[in-house]
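With this note's numbering applied, the sequence shown covers -5 to 63.
We put the CB at the ideal spot given by N, CA and C, even for glycine.
First comes the structure, then the notes that go with it.
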Amino acid sequence: MNASMMELKVNAIRCDVGLSVAEKIMRLERLRNAAFAIRSTDGAGRHAIEYGWCQDVHLVEIELKKLSA
């Protein structure tokens, strides 16, 4: 099974022991905002990447919930 770039980025943030919880949340929110920005600028190919985009945002939101708990 291949990992997506978003999975790798989220995992890198999760495993970085040098970051505080607040820093991890900030970086994850930045990733989520970047995903939303990419989706909003996408025009004709929106439906082609819709599923992948939803998965990326879902991964980030799951990790944010874990850190906020």
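C-alpha distance - residue i paired with residue j, whole-angstrom precision
i, j, result
"I56", "Q49", "11 Å"
"D10", "L53", "17 Å"
Residue from the options whose Cα sits closest to the Cα of residue i
i, options, result
"A29", "E17, V15, A(-3) and E1", "E1"
"L25", "M(-1), S62 and K60", "M(-1)"
"I32", "I19, G46, I7 and R21", "G46"
Coarse secondary structure for residue i, derived from DSSP in three states
i, result
"V11", "coil"
"A16", "helix"
"N27", "helix"
"K3", "helix"
"S62", "helix"
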